[in-house]
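First residue of the sequence shown: 157, per my numbering; consecutive thereafter. A short write-up of the structure that comes next.
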Amino acid sequence: MIIGHGIDIVSTDRIRQMLEEHGQRFLDRCFTPAEQTYCAQSQKRYIEHLSGRFAVKEAILKVLGTGWRGGIAWTDMEILPNDLGQPILSLAGEAASVATQLHIRNWHISISHIETHATGSAIGEE
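See the structure below:
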């Protein structure tokens, strides 16, 4: 049974601006070290990869129903590709606790991006 669905879109210019203004502090606040390493592997699509992860994390929060008020940190959610390139979600901390309370056992996430925008979709199910 589907518990929730969330979707988000973000401007890559917004992420670029946050990176220019706040640098490593922004990266460390929003992305795990493994996510930062993965995104940095593609200089051509670096901002797109960061933007996609940012968007899908926002979508995940919509599924959890907490927004940022629920004590969930950006780095409680980690999105890395499997061997086929499919984005896989790992939860930790408060995000994992809320998902457990909601009986969410499976996640389906999707990321899409172009030069100007990125979208993220998340479905949580029992």
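In this text, a Cβ means the ideal position worked out from N, Cα and C, and glycines have one as well. Treat the numbers as computed from the prediction; the structure is a model and nothing was measured.
- Under the three-state reduction of DSSP, D164 is assigned to strand.
- Counting along the chain, the unbroken alpha helix (DSSP H) around T256 starts and ends at G249 to Q257.
- Within the same chain, Cβ atoms closer than 7 Å to the Cβ of F182 are found at M174 and L175, the five residues on either side in sequence being excluded.
- Beyond the five residues adjoining it in sequence on each side, G162 comes within less than 6 Å, by CB distance, of A215, K218, V219 and A278 in the same chain, given in chain order.
- Annotation: the continuous beta strand (DSSP E) that includes T275 extends over H273 to E281.
- The alpha helix (DSSP H) runs lying completely inside the stretch 177-207 and spanning 4 residues or more are 189-196, given in chain order.
- Counting C-beta atoms within 10 angstroms of its own C-beta, G276 has 16 or more neighbours from the protein chains shown and is therefore classed as buried.
- Under the three-state reduction of DSSP, M233 is assigned to strand.
- Around the C-beta of A274, 16 or more other C-beta atoms lie within 10 Å, and the residue is accordingly described as buried.
- Taking the C-beta atoms as reference points, I260 is found no nearer than 8 Å to I235.
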